[in-house]
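Okay, so here's the structure we're looking at.
There are 4 protein chains.
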Amino acid sequence: MSGNTIGTLFTVTSAGESHGPALVAIVDGCPPGLELSADDLQRDLDRRKPGTSRHTTQRQEPDEVEILSGVFEGRTTGSPIGLLIRNTDQKSKDYSAIKDLFRPAHADYTYHHKYGTRDYRGGGRSSARETAMRVAAGAIARKYLAQQGIQVRGYMSQLGPIDIPFVSWDAVHDNAFFSADPSKVPELEAYMDQLRRDQDSVGARITVVAEGVPPGLGEPIFDRLDAELAYALMSINAVKGVEIGAGFASVAQRGTEHRDELTPAGFTSNNAGGVLGGISSGQPIVAHIALKPTSSITTPGRSIDVHGQPVEVITKGRHDPCVGIRATPIAEAMMALVLMDHLLRHRGQNAEVRVDTPVLPQL
Amino acid sequence: MSGNTIGTLFTVTSAGESHGPALVAIVDGCPPGLELSADDLQRDLDRRKPGTSRHTTQRQEPDEVEILSGVFEGRTTGSPIGLLIRNTDQKSKDYSAIKDLFRPAHADYTYHHKYGTRDYRGGGRSSARETAMRVAAGAIARKYLAQQGIQVRGYMSQLGPIDIPFVSWDAVHDNAFFSADPSKVPELEAYMDQLRRDQDSVGARITVVAEGVPPGLGEPIFDRLDAELAYALMSINAVKGVEIGAGFASVAQRGTEHRDELTPAGFTSNNAGGVLGGISSGQPIVAHIALKPTSSITTPGRSIDVHGQPVEVITKGRHDPCVGIRATPIAEAMMALVLMDHLLRHRGQNAEVRVDTPVLPQL
Amino acid sequence: MSGNTIGTLFTVTSAGESHGPALVAIVDGCPPGLELSADDLQRDLDRRKPGTSRHTTQRQEPDEVEILSGVFEGRTTGSPIGLLIRNTDQKSKDYSAIKDLFRPAHADYTYHHKYGTRDYRGGGRSSARETAMRVAAGAIARKYLAQQGIQVRGYMSQLGPIDIPFVSWDAVHDNAFFSADPSKVPELEAYMDQLRRDQDSVGARITVVAEGVPPGLGEPIFDRLDAELAYALMSINAVKGVEIGAGFASVAQRGTEHRDELTPAGFTSNNAGGVLGGISSGQPIVAHIALKPTSSITTPGRSIDVHGQPVEVITKGRHDPCVGIRATPIAEAMMALVLMDHLLRHRGQNAEVRVDTPVLPQL
Amino acid sequence: MSGNTIGTLFTVTSAGESHGPALVAIVDGCPPGLELSADDLQRDLDRRKPGTSRHTTQRQEPDEVEILSGVFEGRTTGSPIGLLIRNTDQKSKDYSAIKDLFRPAHADYTYHHKYGTRDYRGGGRSSARETAMRVAAGAIARKYLAQQGIQVRGYMSQLGPIDIPFVSWDAVHDNAFFSADPSKVPELEAYMDQLRRDQDSVGARITVVAEGVPPGLGEPIFDRLDAELAYALMSINAVKGVEIGAGFASVAQRGTEHRDELTPAGFTSNNAGGVLGGISSGQPIVAHIALKPTSSITTPGRSIDVHGQPVEVITKGRHDPCVGIRATPIAEAMMALVLMDHLLRHRGQNAEVRVDTPVLPQL
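As you go down the protein sequences, you meet chains A, B, C and D in turn. In terms of my numbering, the first sequence is residues 229 to 591. In terms of my numbering, the second sequence is residues 229 to 591. In terms of my numbering, the third sequence is residues 229 to 591. In terms of my numbering, the fourth sequence is residues 229 to 591.
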């Protein structure tokens with residue numbers, strides 16, 4: 229495939245640039261009979277939408293999604309689902325200045341070398357605007373999974389230097405940061421306000437959890453569930469690292485400490501993050517991702533132009549000082565897409581498998 | 229695909245269990261004309277081979293690879309390359325004890341639930357023995373890449389709690405730990421000896437670097453170079469985390485600190501790890517992986533059997549107290565496979581692209 | 229993949245129903261730098277468009293295509309190209325009658341059993357309306373191929389019992405039948421008029437030819453060029469047979485007669501249809517397809533309803549009495565898509581191959 | 229993928245040359261729990277084996293297959309199944325003569341142009357010897373399908389100019405021609421003996437039928453069941469045409485004649501060949517393929533060498549005067565592989581679909 233499609237049985241193919249006419253996606257392989265309307269997608273799109281707080285870009289995009297196909301009389305038919313989001317707030321004039329130069333930490337330089345040309349308006353295809361379609365497609369997977377008792381949720385677990393402990397899921401959607409600890413919000417807001425005064429940006433860490441995943445999802449050897457989660461999560465703009473369960477903390481752990489023991493009452497811990505040998509264990513699937521600080525900042529930086537001459541770059545325009553703030557719904561969507569695909573793949577090969585052994589809860 | 233194939237244009241399909249007759253792989257898409265002999269593969273296989281030091285499993289496997297096809301008169305023909313490694317040291321009697329129970333932190337429980345059956349001898353398909361074929365296939369990619377001026381190398385950057393700084397590539401192959409700092413070796417040996425006395429195991433961190441990679445490799449949006457590296461590296465047994473460049477350190481970085489500035493003399497830093505927008509920048513590609521501690525340890529652990537009854541598990545047999553020690557050649561192989569695939573994919577779509585803009589070195 | 233995507237490096241993913249809001253497609257893997265506008269696609273769409281003569285359905289569809297992405301400043305960027313065609317002439321009321329019954333020789337019965345539900349309006353996803361997107365996507369491939377000196381053209385070689393010899397390419401577009409023999413047109417028109425009076429339909433045979441294809445395209449063993457052409461052409465609605473070169477006539481041929489001899493002046497014949505061992509030979513690639521008679525006819529037929537009860541079916545509405553009449557541009561498009569994909573795949577793996585041996589013309 | 233893999237969920241990847249050390253294949257995605265031994269594969273391999281009658285090549289190959297993995301205690305585990313067949317009767321010296329020239333109607337010329345090099349021994353990768361692995365892999369699919377009540381069988385329906393009517397399945401395996409009409413065998417033998425005296429070869433037509441296929445298999449739009457059958461069957465060496473059901477006869481049929489009417493008692497005919505809209509209808513799936521005459525004949529032919537100079541070619545060695553004679557088991561295997569893959573794909577997406585509508589038998 230050519231890079232814009234994800235999945236094997238449940239696939240999403242995406243297209244569209246930041247400042248082109250529209251974003252479009254085709255979701256293929258959705259089982260028939262699922263109740264689905266544009267509202268189901270809009271709900272998640274609104275959670276990712278720019279301009280919802282003073283801490284994110286002020287670009288105004290309604291991000292209204294239209295379902296073009298695959299749904300009839302309110303239910304999916306099994307045919308591919310076409311999705312369309314028109315770009316409305318396109319300020320192309322903002323971008324002509326960077327036509328011939330490369331913004332540091334952006335994809336300008338690499339796209340230029342790969343394709344010999346690029347749509348420089350707002351980053352074109354490399355803009356995080358594309359993730360709107362991931363969220364829309366992910367909403368379809370999340371709704372189907374929810375009906376199977378699988379719930380995919382995320383929260384921000386670190387903003388720059390500030391650790392954000394998990395307190396409760398209820399808190400997550402009451403603040404602009406997707407913080408699971410309401411008491412942390414004032415500190416986060418103060419930090420962001422100072423950051424803006426510093427004309428700087430910062431990274432973030434997002435944690436995504438899937439509960440209710442049955443054991444057995446994931447295809448060894450290469451298409452392990454954790455490997456495909458790493459692929460899907462690392463494909464999100466600005467992500468520089470992915471952990472499953474204990475992640476990099478496993479390095480310093482002893483085997484006696486890391487191994488999750490099994491008892492008739494359940495697993496005694498979840499260092500594995502719900503995946504053993506690349507297959508889901510029935511425990512919650514836990515992934516953490518690291519997002520780099522926003523590359524577009526107004527503090528001048530050094531770069532070169534297409535002729536190799538030195539230039540000074542100041543990225544104007546409307547940008548998120550922390551791209552991580554809006555990344556939670558995107559990470560949820562990507563995990564949902566992977567789980568959905570593996571649920572169908574598992575059914576395809578192992579539909580006849582029956583096991584008496586009890587499925588263990590997590591203690 | 230069904231999980232045992234990796235790649236789009238340059239593909240590797242693998243099969244074989246730890247204690248079955250043989251491991252086999254088919255490498256498809258290798259360009260014709262590459263000089264290739266079994267010795268080229270054997271060299272890397274020997275670096276991964278068990279029993280080479282007292283710090284790894286004492287299982288005796290010559291791991292002799294045979295090329296079954298795709299090579300004629302010493303050169304590749306463009307036809308698929310069949311690879312075969314016979315298993316010779318199969319002590320199946322060791323394993324009947326665990327037939328009906330699940331070893332903690334192993335894939336026993338998940339395979340059982342997925343397939344309703346499993347080859348319990350030495351972990352069967354879930355055994356790291358399978359990685360021998362990754363190394364053999366990776367050796368083909370590494371040889372081709374080397375001829376293109378691309379060099380893929382790795383080293384152990386952390387063993388349990390011990391950080392191992394990078395000193396020189398020369399040091400890496402003079403010790404059993406793939407340590408790039410020779411002065412650290414005595415400390416590592418002492419640590420491992422104590423670990424064995426403790427009947428315990430520990431994790432490790434491996435760093436892999438590709439130098440000489442031209443800008444332009446990688447397919448946005450999903451098949452980003454970093455996303456596919458994350459997929460390929462996370463698919464290695466025991467890996468729980470993947471970082472590209474600054475990785476999780478990016479979370480606490482400011483944008484002014486993280487962004488790698490461009491000057492006519494070159495990039496001023498490499499926090500990106502050689503990938504921007506999912507496409508190689510021409511800087512060295514740097515990835516770090518976290519490996520969990522070996523699950524097979526002789527310290528008793530709690531588990532259940534297939535009937536859900538509690539059991540005590542002691543894993544006998546010959547095991548690596550730190551699976552990370554032998555992981556370096558495997559990680560090199562996986563990075564090479566991904567780079568090889570993307571080199572061919574890039575050529576396929578962008579063969580006609582010509583760019584005058586200079587390629588920047590790293591300062 | 230889930231069935232709505234074709235290709236490996238150059239891929240087309242399609243969605244949309246006959247009477248839904250729109251048809252949509254994403255064309256991925258197109259090389260950058262290709263001059264492209266909606267007009268380039270519209271030209272081919274208009275050749276397929278319904279209602280252009282009294283011999284085709286009178287459904288009025290402007291089939292206006294919009295390019296949503298992947299083109300910037302008049303040239304492709306290498307990013308995926310989104311295509312949209314709104315459905316305008318949707319007479320849904322025509323179709324409620326067939327909601328609960330299965331039209332003979334249609335996909336009603338099979339979709340019902342596969343998905344348990346179906347969009348019954350005009351055949352929904354199974355309608356040939358979907359082929360509009362194949363033509364639009366194919367136009368992109370045809371334009372790129374043309375710049376490489378590869379020309380894909382087709383004509384109707386048989387209408388029902390009437391053989392139509394090849395006379396000249398110029399004639400093909402001067403008549404509604406894509407006949408390469410202008411002198412045959414009156415006979416074809418008379419036949420069609422009688423057919424309509426008989427309230428019946430008939431099949432057709434289309435021949436597609438690609439000239440200027442370099443030797444070397446096609447991937448043995450399974451992804452042979454002829455195998456993928458057979459796949460792509462058989463996937464067109466109503467196609468029941470595919471031949472390459474001499475096709476079924478080969479059965480009665482002797483080896484001395486069938487083999488195309490090579491001389492320094494060129495190949496002496498082209499029974500192979502331009503493909504040997506699944507790889508293009510440099511001769512014209514010749515394929516023939518058989519299209520069944522239109523299933524929608526006003527002559528009553530027997531069928532059953534969803535409850536298994538017998539019903540009489542009369543297909544009203546606006547239908548082509550010979551679907552083959554509009555199939556030529558579709559067959560051209562499918563051949564172009566396959567050639568395009570294999571051109572890129574070949575470049576990917578064999579970019580470095582240099583051969584002194586002369587390429588033979590066809591005598 | 230790179231051309232040597234077929235399938236989406238149930239995949240076969242093949243490697244090996246005519247005169248290399250061995251043929252090898254990896255069958256991935258087979259459901260666990262299937263009883264399987266080498267004997268199950270050997271049975272079909274023996275039906276294809278050379279040297280079984282005076283009408284086929286006298287090359288002596290035991291074609292003994294070894295199962296390398298994926299089977300434990302007599303049953304499949306769900307892990308990939310590795311298959312190995314050693315080449316034993318390699319007369320490489322026979323082939324040095326054709327090292328630098330191109331045999332007419334062979335793949336020599338096209339492989340040379342594609343790869344710049346080729347294994348000229350017995351055609352190397354382009355030899356029909358590779359089909360042994362298709363038959364071995366197909367045997368796995370056929371056994372699984374048989375347990376689902378799906379039977380795939382084929383017979384020779386035409387040898388050169390001689391039509392061979394279908395009389396009974398029992399007859400097929402009592403003669404060297406896979407003739408379903410025992411009374412035709414003497415005529416076929418006489419024809420073949422004369423053909424050998426003429427130092428010539430001839431083509432054949434094979435018919436393959438799958439019975440017991442449930443309705444619902446096949447993925448519109450591109451991965452139609454008939455489209456993938458066309459792909460799989462056309463990928464067999466020497467095949468130049470594929471028909472489904474009425475095939476090319478559909479061209480001259482009227483709609484009233486072609487359409488298979490549905491009655492509560494069943495379908496009244498099967499012009500569709502068991503596929504409507506790309507999805508199985510529950511009727512027998514019927515495909516016909518055309519095989520060209522053997523290219524290797526001892527009657528001299530004109531060709532050129534790698535320098536473009538004219539040469540006279542006489543193909544010595546041991547060849548089938550009609551490759552079609554041994555093609556029946558291969559065609560059965562390919563149809564079985566496609567059905568197997570689509571059975572798993574259908575389960576994956578539509579596992580939850582329940583339909584009350586009765587499945588119609590064929591009258």
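Ideal placement from N, C-alpha and C gives every residue a C-beta, glycine not left out.
Item	Value
Within 10 angstroms of the Cβ of S281 (chain A), are there 16 or more other Cβ atoms? Answer buried if so, exposed if not.	exposed
In angstroms, rounded to a whole number, what distance separates the CA positions of S242 (chain B) and A365 (chain D)?	16 Å
Going along chain D, which residues have a C-beta under 8 Å from R303 (chain C)?	Result: empty, since nearest Cβ-Cβ is about 28 Å, beyond 8 Å.
Take N232 (chain C) and list the residues in its own chain whose beta-carbon comes closer than 8 Å to its own, dropping the five residues that flank it on each side.	T241, S242 and A243
By the criterion of Cβ-Cβ separation under 7 Å, what are the contact partners of E245 (chain A) in chain C?	S297 and S307
For D224 (chain B), does the three-state DSSP call read helix, strand or coil?	A query on residue 224 (chain B) cannot be resolved here, the shown segment of chain B reaching from 229 to 591 and no further.
Is it the case that the stretch 285 to 297 of chain C contacts the stretch 466 to 479 of chain D, given that we only count it when at least three CB pairs across the two stretches are under 8 Å?	no
Could you list which residues in chain C have their beta carbon closer than 8 Å to that of H283 (chain D), in chain order?	Within 8 Å Cβ-Cβ: nothing; H283 (chain D) doesn't reach chain C, min ~15 Å.
Decide if R424 (chain D) is buried, meaning its Cβ has at least 16 other Cβ atoms within 10 Å, or exposed.	exposed
Can you list, in chain order, the residues of its chain whose CB lies under 6 Å from that of F406 (chain B), leaving out five sequence neighbours each side?	Y383, M384, V400 and T556
Name the residues in the stretch 229 to 240 of chain A whose C-beta lies less than 7 Å from a C-beta of chain B; which are they?	M229, S230, G231, N232, T233, I234 and T236
When DSSP labels each residue in this structure, what does F450 (chain A) get in the three-state scheme?	coil
Alpha carbon to alpha carbon, what distance is there between D488 (chain C) and S333 (chain D)?	The displayed chain sequence assigns Ala, not Ser, to residue 333 (chain D). So the two alpha carbons sit approximately 6 Å from each other.
Please tell me whether I254 (chain C) has its Cβ less than 8 Å away from any Cβ of chain A.	yes
Closer than 9 Å by beta-carbon distance: list the chain D residues that pair up with H574 (chain C), in chain order.	K342
Is there a Cβ from chain B that is less than 8 Å from the Cβ of F300 (chain D)?	yes
So does the stretch 531 to 541 of chain D actually touch the stretch 557 to 564 of chain B, counting three or more Cβ pairs closer than 8 Å?	no
Report the option in D:G310, D:M229, D:R331 and D:V380 whose CA atom is closest to the CA atom of A515 (chain D).	D:V380
Find the residues of chain A that neighbour R433 (chain B), judging by a C-beta separation of less than 8 Å, and give them in chain order.	F476 and V479
Hey, quick one: how far does the beta strand (DSSP E) through L251 (chain A) stretch, first residue to last?	A250 to D256
What residues in the stretch 576 to 589 of chain C have a beta carbon less than 8 Å from any beta carbon of chain B?	G576, Q577, N578, A579, E580 and V581
Can you grab the Cα-Cα spacing for the pair S523 (chain D) / G536 (chain A), in whole Å?	58 Å
Can you have a look at Q386 (chain B) and say buried or exposed, based on whether 16 or more other CB atoms are within 10 angstroms of its CB?	buried
Taking the alpha helix (DSSP H) that H486 (chain B) belongs to, which residues open and close that run?	G483 to H486
Taking the beta strand (DSSP E) that R276 (chain D) falls in, what are its first and last residues?	From DSSP, R276 (chain D) is part of no beta strand (DSSP E) but of the alpha helix (DSSP H) over A266 to R276.
Can you pull the chain A neighbours of R346 (chain C), defined as C-beta to C-beta under 7 Å?	T305
If we define contact as Cβ-Cβ less than 8 Å, is T527 (chain C) a contact residue for chain D?	yes
Tell me whether the stretch 390 to 397 of chain D and the stretch 487 to 505 of chain D touch, counting them as touching only if at least three CB pairs, one residue from each stretch, are closer than 8 Å.	no
Alpha carbon to alpha carbon, what distance is there between E358 (chain D) and V252 (chain D)?	9 Å
Quick one: what does DSSP say H547 (chain A) is sitting in, helix, strand or coil?	coil
Can you tell me where the alpha helix (DSSP H) holding L312 (chain B) begins and where it ends?	Here L312 (chain B) belongs to no alpha helix (DSSP H); instead the beta strand (DSSP E) covers I309 to R314.
How do the stretch 306 to 318 of chain B and the stretch 435 to 443 of chain B stand: do at least 3 beta-carbon pairs fall below 8 Å, yes or no?	no
What is the residue span of the beta strand (DSSP E) that Q379 (chain D) lies within?	Q379 to L387
Can you tell me the Cβ-Cβ gap for G444 (chain C) and K342 (chain D), rounded? I've got them flagged as a contact below 8 Å.	4 Å
Whose Cβ in chain A lies nearer than 7 Å to the Cβ of I507 (chain B)?	A335, T338, Y339 and K342
Does any C-beta atom of chain C lie closer than 8 Å to the C-beta of Q376 (chain D)?	no
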